[in-house]
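Asks: Residue numbers (full-length UniProt numbering): 1 to 568. We put the beta carbon where it would ideally sit given N, CA and C, even for glycine. Starting off with a structure, shown below.
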């Protein structure tokens, strides 16, 4: 198929018509954000109507498994529901380990095709028209791109999609990749134009120089966001991401006037997010202690009375922590740059006017800085939050027949508070505690000592619904942790897990945690039961757990899955 675009000479009126089309399709590209919003709201409304009016009439009776594997009697609507659950579960699975979820790839491909259509439609054979169209379509995505990065708890997209900012972050990355491709094509095709017309002298013009600078800055920003760079130095990634993310907006503003509306919108979104997050940030006194025989740090932070109710509203929330510059005067290991770096940590406990965090001291700048401040009597930290999706959870104790929480390593800071809250709820409502279970795997028994000290956790060690496993420190395990620890936060070698009866938390059978058996035990009580599974821990452990749960989803079971993950 021959190349359809050519360099054509246009009259003044034709150039004006081209300008109108360019602006119009840029507006279409920006308005397209309503498509996923309307689609999601329609789906949410349909699901609510189904659960409210249809489902109660169509639940099929539970049929226990028999030796001859008799089929369940189900209506066509029940079969359709089972198929739909399987589809949703499939979409929420990874394409390949570390390559993102299928839903992101499919939605990203569909969005890319739609943007390509907007780039090509009604461009005729005009080479410059399609070249300019790629540029304005990319710029029109900037406001959405910056909105997807908002961490403000009242972010419009958080509200519209009933989610949390960490769930929107993968879509932010996806948007950034599409913008990168479109901007690079825009720049490459313009460069080809100058070569074909022998007008390379135009590269010295202000518009072209600024445009090349914008493409270069965006390429640096994208390169610094690669996983290999983030693992090498999160500080480099974070610093470049914020600096270039701000600097590129005035560059694009002065590139051409037709982009200025989108640049101003993106800048306003960025400033609103930063200002509101700054207002929501407070500084608190912190007491940092090292947990003996571990590389864990326990942080107890004083919270203002005006904000403590937000922390008490729901367990399983998280905060973003940064270190104010005044701490740098106490130790030479800290630099003023730490005040601009913030890391997410789950809130392990809320007691009185204090919140407790448990973090693992690693080689990163944040945890090294916190370790340097350990035992300091006058240390301060800045806290943004609380944030997270736990405030939007369904009523786990009411809406589900069984709840399983699984944690690995410091993932217990997410799972244990939720478990204790649910146990208290079930006890107050005189419901059976056998409906609730917690499986927690950690590197050593000492890493769970902090949990026993939580309010209401004094009997956690004798709770028969809690299974606690420790990772024995074999030489093989140490080698694997050294090799993979930087890639998989809190990595656990599942082949080396053994139960530690008598260590103070939980009971269980000797040997590594058999997640398949755990899942089968939870789902083996009746086909009608709705089951909620919540996980926080290493990605390898999550994949193993999800694989076992998925087998029951394929059988038609109603499962609500939630995985707490922060990664970039």
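1) Is the beta carbon of residue 342 sitting closer than 8 Å to the one on residue 384?
2) Give the DSSP bridge partners of residue 75, in chain order.
3) Return the residue from the list 397, 324, 27, 451 that minimises the CA-CA distance to residue 427.
4) Quick one: what does DSSP say residue 229 is sitting in, helix, strand or coil?
5) Go to residue 542, then tell me how far its alpha helix (DSSP H) extends in each direction, as first and last residue.
6) Are the stretch 275-294 and the stretch 159-178 touching by the rule of at least three beta carbon pairs closer than 8 Å?
7) Looking at residue 120 and residue 26, is the spacing between their C-beta atoms short of 8 Å?
8) For the stretch 382-459, which segments carrying the alpha helix (DSSP H) assignment without a break, of at least 4 residues, lie completely within its bounds, in sequence order?
9) Looking only at C-alpha atoms, which of 433, 300, 7 sits nearest to residue 400?
10) Between the stretch 274-282 and the stretch 344-359, can you find at least three pairs of beta-carbon atoms closer than 8 Å?
11) Does the stretch 401-421 touch the stretch 527-536, meaning 3 or more C-beta pairs lie closer than 8 Å?
12) Would you kindly work out how many angstroms separate the C-alpha atoms of residue 550 and residue 102, rounded to a whole number?
13) Quick one: what's residue 298 bridged to in DSSP?
14) Throw me the rounded Cβ distance for the residue 189 and residue 131 pair, which I believe falls under 8 Å.
15) Are the beta-carbon atoms belonging to residue 386 and residue 311 less than 8 Å from one another?
16) Would DSSP call residue 284 helix, strand or coil?
17) Please state whether DSSP places residue 193 in a helix, a strand or coil.
18) Of the residues 463, 456, 449, 53, which one's Cα is nearest the Cα of residue 470?
19) Give me the DSSP bridge partner(s) of residue 319.
20) Once the 5 residues before and after residue 319 are set aside, which same chain residues still bring their CB inside 8 Å of it?
21) With 8 Å as the threshold, decide whether the Cβ of residue 366 is near any Cβ in chain D.
22) Counting only the same chain and skipping the five closest in sequence on each side, list residues whose C-beta sits under 6 Å from that of residue 221.
23) Which residues mark the beginning and the end of the alpha helix (DSSP H) in which residue 563 is found?
24) Taking only the alpha-carbon atoms, compute the straight-line gap between residue 435 and residue 465 and give it to the nearest angstrom.
25) Alpha carbon to alpha carbon, how far is residue 91 from residue 407?
26) For residue 544, which of 514, 554, 522 has the nearest alpha-carbon?
27) Let's test the definition: count the other Cβ atoms within 10 Å of the Cβ of residue 118 and tell me whether it reaches 16, buried, or not, exposed.
28) Indicate the three-state DSSP secondary structure (helix, strand or coil) for residue 257 in the structure shown.
29) Give the secondary structure of residue 468 by DSSP, where H, G and I count as helix, E and B as strand, and everything else as coil.
30) How would you label residue 536, buried or exposed, when you count the other beta carbons within 10 angstroms and need 16 or more for buried?
31) Give me, in chain order, the residues of the same chain whose beta-carbon lies closer than 7 Å to that of residue 423; leave out the 5 immediate sequence neighbours on both sides.
32) Considering Cα atoms alone, identify which of 368, 521, 37, 372 is closest to residue 438.
33) Between residue 412 and residue 440, which are expected to be in contact by the criterion C-beta below 8 Å, what is the C-beta distance as a whole number of angstroms?
34) Starting from the C-beta of residue 143, find all residues in its chain whose C-beta is less than 8 Å away, skip the five residues before and the five after it, and write them out in chain order.
35) From the DSSP output, read off the bridge partner residues of residue 536.
36) Take residue 125 as the anchor and find which of 249, 18, 228 has the nearest alpha-carbon.
Replies: Quick answer:
1) Here residue 342 refers to the residue found at position 342 of the chain shown. Here residue 384 refers to the residue found at position 384 of the chain shown. Judged by beta-carbon spacing, residue 384 lies within the 8 Å limit of residue 342, meaning their Cβ atoms are closer than that value.
2) For the purposes of this step, residue 75 is taken as residue 75 along the chain shown, with counting starting at 1. Beta-bridge pairing links residue 75 to no other residue.
3) Looking up residue 427 in the chain shown gives position 427. Minimum Cα distance to residue 427 is reached at 397.
4) One-based indexing of the chain shown puts residue 229 at position 229. Three-state result, residue 229: helix.
5) As a first step, residue 542 is located in the chain shown; it is residue number 542 there, counting from the start. Residue 542 -> alpha helix (DSSP H) spans 539-553.
6) No: the two stretches stay apart, fewer than three of their Cβ pairs being nearer than 8 Å.
7) Taking the chain shown and counting its residues from 1, one reaches residue 26 at position 26. Taking the chain shown and counting its residues from 1, one reaches residue 120 at position 120. Not closer than 8 Å, so no.
8) 396-399, 412-428, 449-452, all fully within the stretch 382-459.
9) Residue mapping note: residue 400 aligns to position 400 of the chain shown, counting from 1. Considering only 433, 300, 7, the residue with the shortest C-alpha distance to residue 400 is 433.
10) Under the three-pair Cβ rule at 8 Å, the stretch 344-359 does not count as touching the stretch 274-282.
11) Touching, yes.
12) On the chain shown, residue 550 is found 550 positions in, with the first residue counted as 1. On the chain shown, residue 102 is found 102 positions in, with the first residue counted as 1. Rounded to the nearest angstrom, the two C-alpha atoms are 15 Å apart.
13) Position 298 of the chain shown, counted from the first residue, corresponds to residue 298. In the DSSP output, where bridge partners are listed per residue, residue 298 has 289, 358.
14) For the purposes of this step, residue 189 is taken as residue 189 along the chain shown, with counting starting at 1. For the purposes of this step, residue 131 is taken as residue 131 along the chain shown, with counting starting at 1. Sure, about 4 Å apart at Cβ, within 8 Å.
15) For the purposes of this step, residue 386 is taken as the residue at position 386 of the chain shown. For the purposes of this step, residue 311 is taken as the residue at position 311 of the chain shown. Cβ atoms of residue 386 and residue 311: closer than 8 Å.
16) Looking up residue 284 in the chain shown gives position 284. Per DSSP, reduced to three states, the secondary structure at residue 284 is strand.
17) Here residue 193 corresponds to residue number 193 of the chain shown, with the count starting at 1. In this structure, residue 193 counts as helix in the three-state DSSP scheme.
18) Residue 470 sits at position 470 when you count from the first residue of the chain shown. Put simply, of 463, 456, 449, 53 the residue whose alpha carbon is nearest the alpha carbon of residue 470 is 449.
19) Translated into the one-based positions of the chain shown, residue 319 becomes position 319. Partner(s): 345.
20) Looking up residue 319 in the chain shown gives position 319. Taken in chain order, the residues that qualify are 344, 345, 347, 355, 357, 383, 384, 385, 386, 387.
21) Among the chains in the structure shown there is no chain D, since it carries only a single protein chain.
22) The residue given as residue 221 occupies position 221 in the chain shown. Excluding its 5 nearest sequence neighbours in each direction, residue 221 has C-beta neighbours in its own chain below 6 Å: 244, listed in chain order.
23) Translated into the one-based positions of the chain shown, residue 563 becomes position 563. Run containing residue 563: none in the alpha helix (DSSP H); it sits in the beta strand (DSSP E), 559-564.
24) On the chain shown, residue 435 is found 435 positions in, with the first residue counted as 1. On the chain shown, residue 465 is found 465 positions in, with the first residue counted as 1. Counting only the Cα atoms, residue 465 lies some 9 Å from residue 435.
25) Here residue 91 corresponds to residue number 91 of the chain shown, with the count starting at 1. Here residue 407 corresponds to residue number 407 of the chain shown, with the count starting at 1. The alpha-carbon atoms of residue 91 and residue 407 are separated by roughly 23 Å.
26) Residue mapping note: residue 544 aligns to position 544 of the chain shown, counting from 1. Closest option to residue 544, Cα to Cα, is 514.
27) Position 118 of the chain shown, counting from 1, holds the residue named residue 118. Residue 118 is buried by the Cβ-count criterion.
28) Position 257 of the chain shown, counting from 1, holds the residue named residue 257. Reduced to three states, the DSSP call for residue 257 is helix.
29) Taking the chain shown and counting its residues from 1, one reaches residue 468 at position 468. Correct three-state label for residue 468: strand.
30) As a working mapping, residue 536 is identified with position 536 in the chain shown. Within 10 angstroms of the beta-carbon of residue 536 lie 16 or more other beta-carbons, which makes it buried.
31) Mapped onto the chain shown, residue 423 falls at position 423. Listed in chain order, the non-local C-beta contacts of residue 423 below 7 Å within the same chain comprise 433, 436, local neighbours out to five positions each way being set aside.
32) Position 438 of the chain shown, counted from the start, is the residue given in the question as residue 438. The residue with the shortest Cα to Cα distance from residue 438 is 521.
33) If you number the chain shown from 1, residue 412 lands on position 412. If you number the chain shown from 1, residue 440 lands on position 440. Residue 412 to residue 440, Cβ: 5 Å. Contact.
34) Position 143 of the chain shown holds residue 143. Same-chain partners within the cutoff: 30, 262, 265, 266, 269.
35) On the chain shown, residue 536 is found 536 positions in, with the first residue counted as 1. Residue pairing by DSSP places residue 536 opposite 407, 564 in a beta bridge.
36) Translated into positions along the chain shown, residue 125 becomes position 125. Residue 18 is the option with its Cα nearest to residue 125.
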